[in-house]
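Chemist: Sending over a structure as structure tokens; questions will come in a sec.
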Amino acid sequence: MRILYRYLLSIVFFLSNAPDIGASVQLFPADKENNCMRELCSRIHPILYPYPVEPMEYPEYSRRPYPALSWSDFGHRTQFVAGRNVPLNETELADVPGLVYRPGASFLKDPEFTGKLQYIGKHGMYLHNIGGYGPGSPFYGSFGEYIVAEWQTEQIRKYLGRRFTGFDVGEQDGRFNFTYKQIMEPYIPDRRRQYLASQPYFDRVAADLGNWCSSLSVLWYWHYILKEGYTILAGAETQNKITNGQVQYMHLRGAGKQYGILWFGDVSVFDTWGYKNYSRDEKYERVNKGGSLSLFKRSYYTQYMYNATILSMESGWCEGHFANNKGELTPIGKMHTDCANFVEKYGQPGSMVTQIALLNDFYSGWMPADHIAGRFQVWNGMDYEAGDFLTDAMISLFFPNYERSGFFHDETGAMCETPYGENADILHSDARVEVMRQYPVMVAAGNLFSGGMELADKVKEYVHEGGTFIVTAENAARIWPEWKIDKSRTVPAGGIVRIGENELVERGNFELYRASLPDEAHVLATVGGEPVVVDIPAGKGQILLSLTAYGLNAAPLEYNKPPTWMQGGFNTFLGRPYGLLNHFRSIVDAVFKSVQLFEVGEGLGVIVNYLKKGKYRLAIYNNTPESLPFAIRSKIGRIKAIDELPTGEKQFQAQGYWPNGKRGDMGGKDNDSYIFGGDIRLFDVSVDEERVELAEKIQQAKPVNHRLLVFDDILFTKETIRYMPTFFDYFSGISVKGEKLLQADSYALKEQNKWFCLQKLQITADLRKGFASGRWTFDSNRPQYKQTLIELKEITDKLSLLYGEDVLFIPAMPVGSSIPSELAGLNFQIVKSPGQGMLKLAGDGYELFDTPSLDWETVYGLLKNKLPDAQHISGGQQSSQQHVLPDNRNHILALDRYSKGILRDIDKIDCFYDAFGGVCVSAEYLASYSLDALREEKKLLDERGISMVVSFIEEINHFPGLTLCDAVPEYYEKSMDYYKRILDKMGELQIGVALFTTHGPVESDKYPAQKVYDGMKKTFRYLSEYGEKRGVRLLLTNTRFRIADTVDKQIKMIREIGESNIGIALNLNHLSESESDLYVRKFRKQLRERLGAVILGGPVSYKHSEYLPVPNSDKSVRVANDLERVLLIDKVYPLDRERVYKDCQYMGWIKE
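Residues in the sequence shown are numbered from 1 upward in steps of one, following this note's numbering.
Take a look at the structure:
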């Protein structure tokens, strides 16, 4: 084979190998003048970064509760899953090769749990990805919500240590997508808020699993799970059902390189229409169902080439039942064995070459263009915007028709051809520049709306150090405001763009931008004589700027709209309303081809790995049912040798080789020039005179220690930091004002501390303000002295509940003063340097950073001295002494769920005292503050005549929040304790109304909807009685997508409960048009008997539970003003003074 290839490769090389820049010659014919593009492409060349991810080198490594696994933990060799049953002895070992066992949750109930751990630990085996976790379902058999016992994690740690890869956060991204409508109330169409609303789902999964997890995605959510700290290994379930595996792993590789996490491979036997299993017993036989054997093999070897630490088949190794791994090998088992033998013989594939980074915003929430549960959506329910179509278009360049995965019986889209090779990863905007610099080319591949000054600095450094950055006008305007980029005109459809002498006609119109660019900018493309693409040298690199918004058409085009997955829209292709402009695509195409190493032929896929200088390993695969021609062509030098590495038995004739009972071209060629349909082949290629640069290894950033950002409150710290994606790149913790720690509820602090411990977030107390104001003193002659001793000890007690060193920061003391002997055991640190907006040094190497705002743009700007003096930045208004009007007492304004102060929020609403008489706060708000602090605030509210209502609605969803049934007893008990603690506080504060709602059903059929319904009735009956004793009335509100979701059903439920202390809070946002007519206009008798509140809003949106502005509603909503003793609650999400004003204006609560 090697001799033949040496003969053939010389022909291939001399006939087709370009002598210099290769790809650009093909794109721009020789008879056309394209000197600028040629010169550009000559400066862009392959730069390889052949260094594997080493988690121990990342700053995140030391912060994780369980350190991420490294290649050394796997013996620097790809390992194989041999089965799901964990062996106790030699007789139970699998009949297929592999040292990895991947059990389900039933293993946790195995009486031989410890013995099996001992056996596999003694014999150098691995325990991988224990699965079966079912959120909110009772734990039966191998499925349900299980909470890992501490003794079991101790046993795993003792006998396996780093040979355990974690409990499986498996398929939860898909489950979340299917259930988010039942969970989020309300659904807020804001990307940052969606991130906050989504994370608790995965937080609870990880917490139940002891924060010792591996992730297995099926749909999306790749980066977010890896960032959080509980993931030690990551993978994706690949199949012809949900997201294309190539797209999943381009995200996982990028996320792994960002956060220092290795990845594993996983191949499912399922597809949209069933699963594959080989058995002579008809009961188990599924030969022509599920994914094809050819897809399994291509997935296995591509994931090996991706540098997966583990390769795993879901099942099907041996004949018999679903997960049998003993007995006669099936074609799946033979394929698995061949692959294991391949790795044993040929070793590791070298580092996968990915030279292009597609950069998306951290909060993008991007999802594939079409999938099992949605089309053109991000964050589950928000429609694509221009930046999302750009992301989709860029990914489609690498994997055409990727979004058809799961839609075609012939597996179109499950794996795609690769016009540029699999040469790209996805990064998010929180990536450090050390990660960006691993890629010679980076593309702003989405709307980078949240990056601000920090992202601008990173991109500029990336370019200065030699990177090529491709960016469109809207993103460039944020990064280089000095270029004064703004819209110029609209170029109509049919516009002609010139690139040199080439003319490209645009099908759609587009917005053209103008800019004041540096003198060294070179025009690459023009339209009507105006620049549309320019090349701007900067430092060692360059910026390719498209002077269009996002490189897309501005107005939507007609496109093919097949039925959705749920509507059975199979075997049809999806068009796009927005796509890359032809001229922009052609320039991007030239750049991408400039960093290609090899080409193999049309319609094929290829992965290139670097073995050593002059030697590469290539995987070439054919996803079609027809044989296709191939030839390996080098773009980096003369090919010396090509050696094919046999992958074992060819199973073209095996049952199930083709998908879904179909047959490809059985007479197709399989030789040195053709690759058989559905096959994958691997080659080692040696090259002389490489035109490629080997990058030096980049040192990752070091962990930050003892640098603290000053917080004005401990309340919602987790949420605040999640608005700062790069917080831990600059800070190790926070210092909270001592007065706020005094106000915090101790139980709530313990709950918050679980996340603090997970992140190793240092919590300290800042006492400077208290000393400066005279509240505290160390002068024993002053009257505040005794109170100082009491309060500082209490602050220390609360710090002891939190992660950190219980540090108390105090200002420099006057000469002659000292710390009182009564406080001698406390850890005081003196802040040495004054000034705001700068780091202040304190004892024992601490640094404190004060800012007037915790908005990250302000924090970063001051940290990098990019903003003016801090005193010029407004810190917000001070509360004024006003009083509500008597006529408005039943008008209630719902505050934000994450409110950090009622009066502070009220002061932001100009019309509050003219239109409202009270506020509605979340139960979380009451939970977070001590009763004494709440009494003090309630006194201030009473002085202004402001009443309070408390809402549990946002937190009740069964999973991940509060539950009303005992499907998971531990969380039911915890929820009941929470309800009672809040009702107790409400009783003490004389707050008389609590808003409740129902939640959705449980996934498991072991706990049917009727049982959930009965459990909720029992709970409401108890809470009604409990509340009545404390002077609190419960109001039950209608919420769509849940059990008892209509007003009629809730009235029926209340009657069945038989309690007079439960009323109705009619939520207009959750009424259909017919219900609106029935209830809003007529307020019929049976509703009026129970009606305690009306939650105002616009017409229903059936997509999800978004709250719409009141002016969107029918004018009849105003009749609610005539209701006596009924609260009218205005919920505006997010809280915005203008929307509140318009609501009040519409309702007639404000005089014009």
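C-beta: ideal position from N, C-alpha, C; glycine also.
1. Under the assumption that PHE1160 contacts THR548 (Cβ atoms under 8 angstroms), give the Cβ distance between them as a whole number of angstroms.
2. Mind checking PHE28: buried by the 16 CB within 10 Å criterion, or exposed?
3. Please state the DSSP three-state secondary structure of CYS920.
4. Applying the criterion that 16 or more other CB atoms from any shown protein chain within 10 Å of the CB defines a buried residue, is LEU1068 buried or exposed?
5. Residues in the same chain with beta-carbon distance under 8 angstroms from PHE113, minus the five sequence neighbours each way, listed in chain order, please.
6. Out of TYR1026, LEU69 and HIS45, which has the shortest C-alpha to C-alpha gap to PRO52?
7. Under the rule that 16 or more other beta-carbon atoms within 10 Å means buried, what is LEU940, buried or exposed?
8. If we count the other Cβ atoms within 10 Å of its Cβ and call it buried at 16 or more, is SER24 buried or exposed?
9. Just verifying my parser: in three-state terms, what is the DSSP assignment at TRP480?
10. Return the bridge partner residues of MET382 from the DSSP annotation.
11. Need the endpoints of the beta strand (DSSP E) that ILE1057 sits in, please.
12. Tell me the residue span of the alpha helix (DSSP H) that contains GLN881.
13. Enumerate in chain order the residues of its own chain whose CB-to-CB distance from GLY136 is below 7 angstroms, with the five nearest sequence positions on each side excluded.
14. Return the chain-ordered list of same chain residues with a C-beta closer than 6 angstroms to the C-beta of TYR58, the five sequence neighbours on each side being excluded.
15. Kindly confirm or deny that the region 944–957 and the region 915–923 touch, where touching means at least three C-beta pairs closer than 8 angstroms.
16. Less than 7 angstroms between the beta carbons of GLY541 and ASN560, yes or no?
17. For SER42, report the span of its alpha helix (DSSP H) as first-last.
18. Which same chain residues end up closer than 7 angstroms to LYS1142 when comparing Cβ atoms and leaving out the 5 residues on each side of it in sequence?
19. Could you check which residue in VAL1132, SER1113, GLY1148 and LEU545 has the C-alpha nearest to that of ASP1185?
20. What whole-angstrom Cβ distance do GLY664 and ASN288 have, given they're in contact under 8 angstroms?
21. Terminal residues of the continuous alpha helix (DSSP H) containing PHE676?
22. Would you say GLY350 and TYR610 are within 7 angstroms of each other, going by their C-beta atoms?
23. With H, G and I counted as helix, E and B as strand and the rest as coil, what does DSSP make of GLN1010?
24. On the premise that ALA842 lies in contact with GLN829, defined as a C-beta separation below 8 angstroms, what is that separation, rounded to the nearest angstrom?
25. According to DSSP, is ASP535 part of a helix, a strand, or is it coil?
26. Give me the Cα-Cα distance between GLY254 and MET415, rounded to the nearest whole angstrom.
27. Which value, in whole angstroms, describes the spacing of the CA atoms of TYR846 and LYS798?
28. What did DSSP end up calling CYS213 once you bin it into helix, strand or coil?
29. Pull up the DSSP beta-bridge partners for HIS371, would you.
30. What would DSSP say about VAL600, mapped onto helix, strand or coil?
31. Could you pull the start and end residues of the alpha helix (DSSP H) that VAL343 belongs to?
32. Cutting at 8 angstroms between CB atoms, please list the residues of its own chain near THR647, excluding the five before and the five after it.
33. Run through DSSP, which three-state label would MET948 get?
34. How is ALA915 classed by DSSP in three states: helix, strand or coil?
35. Are ILE714 and LYS750 touching if we call contact CB-CB under 7 angstroms?
36. Can you round the beta-carbon distance between ILE1153 and LEU1034 to whole angstroms, since I take them to be within the 8 angstroms contact cut?
Modeler: By the coordinates alone:
1. Given that the chain is displayed from residue 1 to residue 1152, the structure contains no residue 1160 and the question cannot be resolved.
2. Confidence at PHE28 is low in this model, with a pLDDT of 32, below 50, so its placement is unreliable and no value can be given for it.
3. strand
4. Around the beta-carbon of LEU1068, 16 or more other beta-carbon atoms lie within 10 Å, marking it buried.
5. For PHE113, where only same-chain residues beyond five positions count, the Cβ hits under 8 angstroms are PHE107, GLN152 and GLN155.
6. LEU69
7. exposed
8. Because SER24 sits at a pLDDT of 28, beneath the cut-off of 50, its placement in the model cannot be relied upon, and the following sentence gives the value as read from the coordinates. Per the 10 Å Cβ criterion, buried.
9. coil
10. VAL378
11. Not the beta strand (DSSP E): ILE1057 falls in the alpha helix (DSSP H), residues 1047–1057.
12. Here GLN881 belongs to no alpha helix (DSSP H), and DSSP marks it neither H nor E.
13. GLU145, HIS958, PHE959, ALA967, VAL968, VAL1002 and GLU1003
14. GLY260 and GLN700
15. yes
16. Their beta carbons are not under 7 angstroms apart, which means GLY541 does not touch ASN560 by this criterion.
17. 35–43
18. PRO1109 and PRO1111, listed in sequence order.
19. Nothing can be reported for residue 1185, as the shown portion of the chain is limited to 1 through 1152.
20. About 14 angstroms; that fails the 8 angstroms criterion.
21. Careful: PHE676 lies outside any alpha helix (DSSP H) and carries neither H nor E.
22. yes
23. helix
24. 5 angstroms
25. strand
26. For GLY254 and MET415, the distance between alpha carbons rounds to 19 angstroms.
27. 21 angstroms
28. strand
29. GLY374
30. If DSSP states are grouped into helix, strand and coil, VAL600 belongs with coil.
31. In the DSSP assignment, VAL343 falls within the unbroken alpha helix (DSSP H) covering 331–346.
32. LYS297, TYR301, ASP338, CYS339, PHE342, ILE680, ARG681 and LEU682
33. strand
34. helix
35. By the CB criterion at 7 angstroms, ILE714 and LYS750 fall outside the cutoff.
36. Examination of residue 1153 is not possible in this model, given that the chain is present from 1 through 1152 alone.
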